[in-house]
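Presented below is the structure to which this report refers.
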Amino acid sequence: MAAATVVEADPATSEGGAAFSGVQSRGWDESQLRHYSFPTKPIPRLSHADPRAEMLINNEEPVVLTDTNLVYPALKWDIAYLQENIGNGDFSVYTAENHKFLYYDEKKMSNFENFVPKSRRMEMKFSEFVDKMHKTEEMGGEERVYLQQTLNDTVGKKIVVDFLGFNWNWINKQQAKRNWGQLTSNLLLIGMEGNVTPAHYDEQQNFFAQIKGHKRCILFPPDQFECLYPYPVHHPCDRQSQVSLLSSLIM
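Structure representation (structure tokens):
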């Protein structure tokens with residue numbers, strides 16, 4: 001089981017599957033969303049006390065829970081608060097020439113000598129990431145940045161207190177009730193407006209908490225797995241789809 005705390009700048013897209021940014025807080029409407037050639041329908045939005053939500057979780061179907069207060073103490077986690085309190089540890093920051101951040105396993109790159117990653121990972125302090133993000137915005141080009149970091153023991157005391165105040169009682173009950181595995185990671189994700197995580201599958205159950213901004217998740221049922229043409233398991237992009245959903249072509 002994994003937990004993801006997400007701060008997105010404004011409409012960001014995850015083409016398949018699901019994971020925090022506070023660059024700006026502009027309003028948005030559906031006209032800003034990317035359009036696809038296949039039909040979609042909204043993910044149900046329900047109270048965690050609604051029996052239908054329980055049924056969907058039991059059936060391993062997606063549901064947006066509107067009132068769990070899952071990460072209530074983190075609602076103040078905007079960029080300024082994080083920059084002041086996150087600590088002086090190193091963060092994994094990815095840069096890409098455009099809005100797409102295709103995941104790749106660095107350990108598998110030796111299997112493909114000619115493999116060229118679509119993004120590049122760098123280690124930097126949080127303040128350095130913020131500076132780079134703002135400079136990238138000001139330049140107004142195609143380049144994007146994206147932070148993905150497991151919360152660890154380098155974070156500051158206020159972040160630790162906030163983290164301990166998450167609704168762990170509710171999470172632990174869900175875990176025990178459904179015999180899920182242990183919580184293995186707590187990810188902090190910060191993306192710029194328009195960033196896309198191309199279609200992929202996750203190997204664990206996820207609790208995904210959107211703190212700031214907006215994120216669109218497009219999910220496919222498991223029986224459509226083969227239709228998404230995943231990369232071979234020995235490829236660096238294992239778990240990722242080779243299909244570009246915008247063009248319906250193999251990438």
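In the UniProt record's numbering, the protein residues as written are 1 to 251.
Quick reminder that beta carbons are idealized off the backbone N, C-alpha and C, glycines included.
Check, Outcome
"Where the alpha helix (DSSP H) containing residue 121 begins and where it ends", "Element bounds for residue 121: not the alpha helix (DSSP H) but the beta strand (DSSP E), 119–124."
"Nonlocal neighbours in the same chain, by C-beta distance under 8 Å from residue 234, ignoring five residues either side", "108, 111"
"Those runs of the beta strand (DSSP E) which lie wholly inside the segment 121–154 and span at least 3 residues", "144–150"
"Reduced DSSP secondary structure (H/G/I, E/B, other) of residue 195", "coil"
"Residue 258 classed as buried or exposed, judged by whether at least 16 other C-beta atoms fall within 10 angstroms", "Because the chain in this structure spans residues 1 to 251, residue 258 falls outside the shown range and cannot be described."
"Residue 68 vs residue 167 beta-carbon contact at 8 Å", "yes"
"Contact the segment 48–63 vs the segment 82–97: 3+ CB pairs below 8 Å", "no"
"C-alpha gap between residue 81 and residue 163, whole angstroms", "14 Å"
"Own chain partners of residue 124 with C-beta closer than 8 Å, once the 5 adjacent residues on each side are dropped", "90, 91, 93, 132"
"Bridge-paired residues (DSSP) for residue 201", "BP columns for residue 201 are empty, so no partner."
"For residue 169, three-class secondary structure by DSSP", "helix"
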